[in-house]
Amino acid sequence: MTGEPLYLTTPIYYVNAEPHLGHTYTTVVADTLARFWRARGRETFVVTGTDEHGDKIAQAAAKASVSPKAYADRVSALFRSTWEATGLTPGYFVRTTDPGHVAFVQKVLAAIHARGDIYFDRYRGLYCFGCERFYQERELVNGLCPDHKQAPTEIAEENYFFRMGRYKERLVRLLEDEPDRITPEGYRREVLAMLREPIGDLCISRPKSRLDWGIDLPFDARYVTYVWFDALLSYVSALEHVGRLDLWPTAHHLIAKDILKPHAIFWPTMLMAAELPLYRRLCVHGYWQMDRDKMSKSLGNVVRPLEMQARYGMDAFRYYLLREMAFGQDADFSEAALIARLNADLANGLGNLASRVLAMQQRYFAGVVQPAAPTPADLALRAAFDAARRDLDAQVADFAFHRGLEALWRALDHANKYVVETAPFTLAKDPGGRPRAGAVLHELCEALRVTAQLVEPFLPETAARLARLLGLPADVLGRLDLPWGDAFPAGHRTAAPEALFPRVEVPGA
RNA sequence: CGCGGGGUGGAGCAGUCAGGUAGCUCGCGAGGCUCAUAACCUCGAGGUCGGUGGUUCAAAUCCACCCCCCGCAACCA
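Quick note on this note's numbering: the first sequence kicks off at 46 and runs consecutively.
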């Protein structure tokens, strides 16, 4: 398992909005998983990107008096630059307007059409322009669209349909036989529940008379393909573009629960029809609920990643997101909670530990690491970090980032206790105690080194900084199996402490 | 029968899938330490884990029913 490559995707984000908390969370998870598994010997490849076709984009562009492409270019570039600035850099950034993607979509559509799984039919239905979709009678609330509270318009038109229903039973069997295809488990059950209802076929086109901002159907130039055959196929077209289609069967899709159905039902049936391998796993997370009462006025209602980065640092923001949300469940976002985490876990916990250890190393030994001489207490400290590593690995493998971090912080707590119990600051003042004080600090430096390595997927900037303060080369972060005691040879010097995470004081809080 | 989330010490949460000492942060009380970012460590007060019934040697955790709260006005992940 450990050696298997891993292809991670975020959704391609629709360019009708600027990057916000939801986009950022999914992208942070992808980045964290990529770093985590890379450090454990797996090749990882992350793709994110933008979804650029559709009504809303055409309308927004018209409103701004620019072409749809120009509009999409601008917002797409905003996503790309945001991820670069925040260090969430994917291996590839795909756009649905990329010529390669367009050609790929047309190739797949042509193949499925040739096979007879796409047919032409007349459709009459109730269409909501806000949702850009047709509704069944029974889905309406008092005759109105449940989202937009508007009466849908009856439209009759001819369109192309994908024979999705043909693959339903095969999909049900797959999900029953391979429970790990969708995680967390609750979402698999939800999908199986959806599949107990008739799923019908999927309308996959729009006449150009109504919408022409899309990819032409290869078999009928009067139409463009709509939404799913365009957007979902980007997961594969991106790999084709970079010449790594071999990674496709290892795909793990990270999504939020709002797009569960397209990813859990439309997408696998499309892949079956296209005779492409299925993705390996669908990983579904919940929503961040905005607690407006707890938001600062300056923050407003929108959580912009660049603002959070500027205010608290990207690492603190990442930590909060990963520590606070149980992957799969909803969570509340509040700036107060972020600050509480930052102060308690990062400043008082990790930051203060690094600070006191490096300060003593500096003050008592001019930064020179002394020989170790393990006692039972020292071995217990090592055991605490060994346990943290095991717990962390198990929890992250299960997407339980919050528990993984909790496990690592148990070891940090242990280290803080160890400082008090061994009291190197007392030992160092007595000539007879100096060797022991030096040995204790050696253990603590190792603890910090292991911490830097384990925390790297979550707090990459901090890990690099900690390594530097410890006087270690940056590549030490990838050497997870470096034995305890081997990182600091005789004469090794550490640097003077720096505040990794200054406390954030809130007036009146 | 719209969809979804939730009710755990004063506040905010984890733990529920794989039943077996109820854990974390903040706050509160007492003490310790003085290396450190007024941080760190120890001890303590405070919970019948929404309710009722059931399964079990054992339930916050499984099953049934019931009560209550919140989101779906957004930046849709």
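Beta carbons: idealized from backbone N, C-alpha and C, even for Gly.
Report yes if the CB atom of residue i is closer than 8 Å to the CB atom of residue j, and no otherwise.
{"i": "L403", "j": "L514", "result": "yes"}
{"i": "L616", "j": "A512", "result": "One cannot answer for residue 616 here, as it falls past the ends of the chain, which runs 46 to 554."}
{"i": "P469", "j": "L450", "result": "no"}
{"i": "Q407", "j": "F378", "result": "no"}
{"i": "A265", "j": "M209", "result": "The residue you asked about is not Ala; residue 265 is Asp in the sequence shown. Going by C-beta atoms, D265 is not nearer than 8 Å to M209."}
{"i": "G99", "j": "W312", "result": "no"}
{"i": "F546", "j": "L366", "result": "no"}
{"i": "R140", "j": "E97", "result": "yes"}
{"i": "M239", "j": "I163", "result": "no"}
{"i": "H158", "j": "V348", "result": "no"}
{"i": "P224", "j": "R233", "result": "yes"}
{"i": "D436", "j": "A452", "result": "yes"}
{"i": "L395", "j": "Y357", "result": "no"}
{"i": "A544", "j": "S400", "result": "yes"}
{"i": "I249", "j": "W273", "result": "yes"}
{"i": "L398", "j": "A355", "result": "no"}
{"i": "T295", "j": "P50", "result": "yes"}
{"i": "T77", "j": "F446", "result": "yes"}
Quick check: what's the CA-CA separation for residue i versus residue j?
{"i": "S341", "j": "T69", "result": "For S341, the predicted model reports a pLDDT of 48, less than 50, meaning its position is unreliable; a value from the coordinates is still stated below. The straight-line gap from Cα to Cα measures roughly 19 Å."}
{"i": "V329", "j": "A473", "result": "52 Å"}
{"i": "D118", "j": "A411", "result": "55 Å"}
{"i": "Y116", "j": "L123", "result": "11 Å"}
{"i": "G86", "j": "G48", "result": "6 Å"}
{"i": "H146", "j": "A103", "result": "19 Å"}
{"i": "A442", "j": "A433", "result": "14 Å"}
{"i": "L154", "j": "P229", "result": "32 Å"}
{"i": "A307", "j": "E380", "result": "The residue you asked about is not Ala; residue 307 is Pro in the sequence shown. Approximately 33 Å between the Cα atoms of the pair."}
{"i": "A276", "j": "A484", "result": "58 Å"}
{"i": "M46", "j": "N61", "result": "Residue placement at M46 cannot be trusted, given a pLDDT of 46 that sits under 50; what the coordinates show is reported in the next sentence. Taking the straight line joining both Cα atoms gives about 39 Å."}
{"i": "A106", "j": "E221", "result": "44 Å"}
{"i": "D375", "j": "T471", "result": "48 Å"}
{"i": "F372", "j": "T131", "result": "21 Å"}
{"i": "R241", "j": "E214", "result": "10 Å"}
{"i": "D475", "j": "V464", "result": "17 Å"}
{"i": "Y58", "j": "L292", "result": "22 Å"}
{"i": "E129", "j": "F138", "result": "11 Å"}
{"i": "T142", "j": "L133", "result": "22 Å"}
{"i": "M359", "j": "P502", "result": "13 Å"}
{"i": "A54", "j": "H297", "result": "A small correction: the amino acid at residue 54 is Thr; Ala does not occupy that position in the sequence shown. If you take the alpha carbons of T54 and H297, they lie about 6 Å apart."}
{"i": "H537", "j": "R479", "result": "17 Å"}
{"i": "L318", "j": "G170", "result": "Before going on, a small fix: residue 318 reads as Ala here, not Leu. Approximately 26 Å, taken between the alpha carbons."}
{"i": "K108", "j": "R448", "result": "46 Å"}
{"i": "E199", "j": "Y168", "result": "10 Å"}
{"i": "V269", "j": "L504", "result": "44 Å"}
{"i": "A283", "j": "A301", "result": "21 Å"}
{"i": "I227", "j": "E466", "result": "46 Å"}
{"i": "R267", "j": "S254", "result": "8 Å"}
{"i": "L527", "j": "A428", "result": "15 Å"}
{"i": "W82", "j": "F444", "result": "12 Å"}
{"i": "R80", "j": "E88", "result": "10 Å"}
{"i": "R562", "j": "Y212", "result": "Here the chain has residues from 46 to 554 only, and residue 562 is not among them."}
If residue i and residue j are in contact, beta carbons under 8 Å, what's the gap, nearest whole angstrom?
{"i": "L299", "j": "A75", "result": "5 Å"}
{"i": "F90", "j": "R289", "result": "7 Å"}
{"i": "E202", "j": "P252", "result": "6 Å"}
{"i": "L557", "j": "T496", "result": "Because the chain here runs from 46 to 554, residue 557 falls outside it and cannot be looked at."}
{"i": "T93", "j": "T72", "result": "6 Å"}
{"i": "W454", "j": "E491", "result": "At roughly 18 Å, the Cβ-Cβ gap does not stay under 8 Å, so W454 and E491 are not in contact."}
{"i": "A519", "j": "R494", "result": "That pair is no contact at about 12 Å."}
{"i": "A84", "j": "L525", "result": "6 Å"}
{"i": "L216", "j": "T314", "result": "6 Å"}
Classify residue i as buried or exposed, calling it buried when 16 or more other Cβ atoms lie within 10 Å of its own Cβ.
{"i": "S110", "result": "exposed"}
{"i": "S343", "result": "Bear in mind that a pLDDT of 49 at S343, under 50, signals an unreliable position, so the number given afterwards is only what the model happens to contain. By the 10 Å Cβ count, S343 comes out exposed."}
{"i": "S121", "result": "buried"}
{"i": "F149", "result": "buried"}
{"i": "Q415", "result": "buried"}
{"i": "D166", "result": "exposed"}
{"i": "L424", "result": "exposed"}
{"i": "D338", "result": "Residue placement at D338 cannot be trusted, given a pLDDT of 48 that sits under 50; what the coordinates show is reported in the next sentence. Exposed is the call here."}
{"i": "G161", "result": "exposed"}
{"i": "V281", "result": "buried"}
{"i": "I56", "result": "The residue you asked about is not Ile; residue 56 is Pro in the sequence shown. Answer is buried; the Cβ neighbour count reaches 16."}
{"i": "S112", "result": "exposed"}
{"i": "G516", "result": "buried"}
| request: Entirely within the segment 367-415 and at least 3 residues each: give me those beta strand (DSSP E) ranges in chain order. | output: 376-378, all fully within the segment 367-415.
> What runs of the alpha helix (DSSP H), each 4 residues or longer, lie entirely inside the segment 272-344?
Replying inline: Listed in chain order, they are 273-276, 279-286, 312-318.
At 3 residues or longer, what runs of the beta strand (DSSP E) sit wholly inside the segment 77-148?
Runs of the beta strand (DSSP E) inside the segment 77-148: 89-96, 137-140.
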